């Protein structure tokens, strides 16, 4: 069975500072990895995904993530955050075919708090 | 706007009651997924339907049931409600199981 661990429930960061949100997963097979963002009172929106190929994945809003198979990690990074990045971030893993919506398992989320 | 519509946005009801949550997927999407988001459990997969048929089941209680209709909209029925059922219920849809999921804005259920 697959599982996802987001190591930090809350990450406070000053505006324009870099940020890294950590995600580790466990699975017995090859996986597909995702980061979703949830803004206040909104549904989840896909930030980026790793299906195969280059381990560095670029997403929307200047975010990127690096897949590290040996460390079973998929950490999310942004070099300079903005107030508008304040949101809940979810890491997810799927063993489903094609890396789609089937069999998505989510982490508990990391609340990113941007301080002015 | 993801294209997935959930109604109602908010629902307050008493313990022991039954409610129905509705989801209209994006046009052309055949798969519908239901998730429950609570503070203690996080985001939990409940159930998936594909083109009218149940395809996968997650941590869905026996008091809960769902269905997908011929026009592909889906309903999640929650009965004998308990205080612990208070949560945000999300619907997501995808073209097929191997394509990206798009999430609705959720229905916030409060059981009092």
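Residue numbers (this note's numbering), protein chains in the order written: chain L, 489 to 604; chain D, 124 to 235. Ideal Cβ positions, reconstructed from N, Cα and C, are used throughout, including at glycine. The structure displayed is predicted, hence computed values, not measured ones.
### Task
Determine the extent of the beta strand (DSSP E) in which residue 267 of chain D is found, giving its start and end residues.
Here chain D covers residues 124 to 235 and nothing more, so residue 267 of chain D does not appear.
### Message
With a threshold of 8 Å on Cβ separation, who are the neighbours of residue 532 of chain L within its own chain once the five nearest residues in sequence on each side are excluded?
### Response
Your numbering for residue 532 of chain L matches position 44 in the first chain. Closer than 8 Å at the Cβ level, and outside the excluded window around residue 532 of chain L, lie 524, 525, 526 and 578.
### Message
I'd like to know whether the C-beta atoms of residue 234 of chain D and residue 205 of chain D end up nearer to each other than 8 Å.
### Response
For this step, residue 234 of chain D is matched to residue 111 along the second chain. For this step, residue 205 of chain D is matched to residue 82 along the second chain. It is a contact, given that the beta carbons lie within the stated cut-off.
### Message
If contacts are defined as beta-carbon pairs under 8 Å, then residue 594 of chain L and residue 166 of chain D qualify, I think. What distance do you get, rounded to the angstrom?
### Response
The count along the first chain starts at 1 and reaches residue 594 of chain L at position 106. The count along the second chain starts at 1 and reaches residue 166 of chain D at position 43. That pair is a contact at about 4 Å.
### Query
Using a C-beta to C-beta distance shorter than 8 Å, which residues of chain D count as neighbours of residue 597 of chain L?
On the first chain, position 109 is the one that residue 597 of chain L refers to. Correct list: 165 and 166.
### Message
Distance cutoff 8 Å, beta carbons only. Does residue 541 of chain L sit that close to anything in chain D?
### Response
Looking up residue 541 of chain L in the first chain gives position 53. The beta-carbon of residue 541 of chain L is placed no less than 8 Å from the nearest beta-carbon of chain D.
### Query
Can you find a C-beta in chain D that's less than 8 Å from the C-beta of residue 594 of chain L?
Counting from one through the first chain, the residue named residue 594 of chain L turns up at place 106. Judged by the 8 Å Cβ criterion, residue 594 of chain L is in contact with chain D.
### Message
Starting from residue 537 of chain L, trace the beta strand (DSSP E) in both directions and tell me its first and last residue.
### Response
Position 49 of the first chain holds residue 537 of chain L. Per DSSP, residue 537 of chain L belongs to the beta strand (DSSP E) from 532-538.
### Query
For residue 217 of chain D, which beta-bridge partners are listed by DSSP?
Taking the first residue of the second chain as position 1, residue 217 of chain D is located at position 94. DSSP, once it has assigned bridges, lists D:154 as partnering residue 217 of chain D.
### Task
Would you verify that the beta carbon of residue 156 of chain D is, or is not, closer than 8 Å to some beta carbon of chain L?
Numbered from its first residue, the second chain carries residue 156 of chain D at position 33. Interface annotation, residue 156 of chain D: in contact with chain L, CB-CB separation under 8 Å.
### Query
Based on Cα-Cα distance, which residue from D:209, D:222, D:186 and D:172 lies nearest to residue 146 of chain D?
Against the second chain, residue 146 of chain D aligns to sequence position 23. Comparing alpha carbon positions, the residue from D:209, D:222, D:186 and D:172 closest to residue 146 of chain D is D:172.
### Query
Mind checking if residue 159 of chain D is an interface residue toward chain L, Cβ cutoff 8 Å exclusive?
Here residue 159 of chain D corresponds to residue number 36 of the second chain, with the count starting at 1. Judged by the 8 Å Cβ criterion, residue 159 of chain D is not in contact with chain L.
### Contact the region 209-217 of chain D vs the region 178-189 of chain D: 3+ CB pairs below 8 Å
The region 209-217 of chain D and the region 178-189 of chain D do not touch, with fewer than 3 CB-CB distances between them shorter than 8 Å.
### Query
Between the Cα of residue 193 of chain D and the Cα atoms of D:140, D:126, D:128 and D:154, which residue gives the shortest distance?
Within the second chain, residue 193 of chain D is the residue found at index 70, counting from 1. By alpha-carbon distance to residue 193 of chain D, the top candidate from D:140, D:126, D:128 and D:154 is D:154.
### Task
Verify the CB distance criterion: does residue 547 of chain L have a CB-CB separation below 8 Å to chain D?
Looking up residue 547 of chain L in the first chain gives position 59. By this cut-off, residue 547 of chain L is not an interface position.
### Query
Quick one: is residue 534 of chain L near chain D, going by C-beta distance under 8 Å?
Here residue 534 of chain L refers to the residue found at position 46 when the first chain is read from its first residue. Judged by the 8 Å Cβ criterion, residue 534 of chain L is in contact with chain D.
### Task
Identify which residue in D:232, D:180 and D:228 has its Cα closest to the Cα of residue 201 of chain D.
The residue given as residue 201 of chain D occupies position 78 in the second chain. Scanning D:232, D:180 and D:228 for the CA closest to the CA of residue 201 of chain D turns up D:232.
### Query
Considering residue 128 of chain D, what are the terminal residues of the beta strand (DSSP E) in which it resides?
Here residue 128 of chain D refers to the residue found at position 5 of the second chain. It spans 128-130 - the beta strand (DSSP E) in which residue 128 of chain D sits, taken as one unbroken run.
### Query
Does the beta carbon of residue 147 of chain D come closer than 8 Å to any beta carbon on chain L?
The residue given as residue 147 of chain D occupies position 24 in the second chain. The Cβ of residue 147 of chain D sits no closer than 8 Å to any Cβ of chain L.
### Message
Can you pull the chain D neighbours of residue 555 of chain L, defined as C-beta to C-beta under 8 Å?
### Response
For the purposes of this step, residue 555 of chain L is identified with residue 67 of the first chain, where counting begins at 1. Annotation: residue 555 of chain L has no Cβ neighbours in chain D at a cutoff of 8 Å; minimum Cβ distance is about 18 Å.
### Task
Excluding the 5 residues preceding and the 5 following residue 170 of chain D in the sequence, name in chain order all residues of the same chain whose CB lies nearer than 6 Å to its CB.
By one-based count along the second chain, residue 170 of chain D stands at place 47. 157, 180, 183 and 189.
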